[in-house]
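First up is the structure itself, then whatever we jot down about it.
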Amino acid sequence: MRFIKNKLHSAEADEAAILSDYRRTGDLELLGRLYQGYMPLVYGLCLKYFKDEELSKDAVMQIFEQLIDKLRRHEVSNFKSWLYTLARNYCLMALRSSSKHIFVPVEDGVMERDGIVHLNIDESKENALSSMEKCMEKLPDDQRISIDLFYLQEKCYKEVADITGFDMNKVKSYIQNGKRNLKICMEKNSGNE
Numbered sequence: 076m077r078f079i080k081n082k083l084h085s086a087e088a089d090e091a092a093i094l095s096d097y098r099r100t101g102d103l104e105l106l107g108r109l110y111q112g113y114m115p116l117v118y119g120l121c122l123k124y125f126k127d128e129e130l131s132k133d134a135v136m137q138i139f140e141q142l143i144d145k146l147r148r149h150e151v152s153n154f155k156s157w158l159y160t161l162a163r164n165y166c167l168m169a170l171r172s173s174s175k176h177i178f179v180p181v182e183d184g185v186m187e188r189d190g191i192v193h194l195n196i197d198e199s200k201e202n203a204l205s206s207m208e209k210c211m212e213k214l215p216d217d218q219r220i221s222i223d224l225f226y227l228q229e230k231c232y233k234e235v236a237d238i239t240g241f242d243m244n245k246v247k248s249y250i251q252n253g254k255r256n257l258k259i260c261m262e263k264n265s266g267n268e
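Start counting the sequence shown at 76; every next residue gets the next number (our numbering).
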């Protein structure tokens, strides 16, 4: 068992060294070598969201292009978790932007009908979700990251602490304060509408 644990720490140290070298040099070959090992996992995640092989393959490449820039700007301590979050967010944003364009087939004579045809969209839920996303962006990074991991990715306090490197008590505080700040922000936004 000790051998496996040492092997895991060695792999994490190798990833950290590659990330550090990439941030210093910008060498895409280093990044490609690191990303190549995760491509099947990213593809599987994209396939889960898109349910389309070609879209998923394209997404894997788009996510790599995002990595080129984002890894130069962000210090990443746990690449696998960070990449998972980046890929998941990419998929969700792609689905969200594609869902804004709803195509409805037009039947012959539909324009001649007297009745009003409309889509059944629950605007209050859409507005609340939009408000929550805007408020999440306004939260301090430590609170936003902790809330995202705890509520959206359903991680426990210990996992959040391990992923972020924050102290366990700080994680609990960030989640509690972030939840309060999110509620205040959303109440303000609902009052303005």
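Note that beta-carbon positions come from the ideal geometry of N, C-alpha and C, so glycine has one too.
The structure presented is a predicted model; accordingly, all values stated were derived computationally and were not measured.
Closest Cα partner of residue i within the set the options
i: N252; options: I238, D216, E229 and T239; result: D216
i: E140; options: G119, M114 and K123; result: M114
i: Q228; options: L167, K258 and S131; result: L167
i: R163; options: S173, V135 and C260; result: V135
i: Y124; options: F225, L142 and L170; result: L170
i: I143; options: A236, M261 and L158; result: L158
Anticipated Cβ contact below 8 angstroms, residue i with residue j, distance rounded
i: L103; j: I93; result: Not confirmed; about 12 angstroms, so no contact.
i: Y232; j: K254; result: Y232 to K254, Cβ: 14 angstroms. No contact.
i: C210; j: N264; result: 7 angstroms
i: K145; j: L161; result: 7 angstroms
Beta-carbon gap between residue i and residue j smaller than 8 angstroms
i: I238; j: N153; result: yes
i: E90; j: L116; result: no
i: G101; j: R147; result: yes
i: S165; j: Q137; result: It should be pointed out that residue 165 corresponds to Tyr in this sequence rather than to Ser. Going by C-beta atoms, Y165 is nearer than 8 angstroms to Q137.
i: L204; j: N256; result: no
i: E128; j: L122; result: yes
i: S173; j: M261; result: no
Range covered by the alpha helix (DSSP H) that runs through residue i
i: Q141; result: E128 to R148
i: K123; result: M114 to F125
i: S152; result: Careful: S152 lies outside any alpha helix (DSSP H) and carries neither H nor E.
i: Q229; result: It should be pointed out that residue 229 corresponds to Glu in this sequence rather than to Gln. That residue, E229, is in no alpha helix (DSSP H); it is neither H nor E in DSSP.
i: D223; result: Segment: none, D223 is in no alpha helix (DSSP H) and carries neither H nor E.
i: L109; result: L103 to Q111
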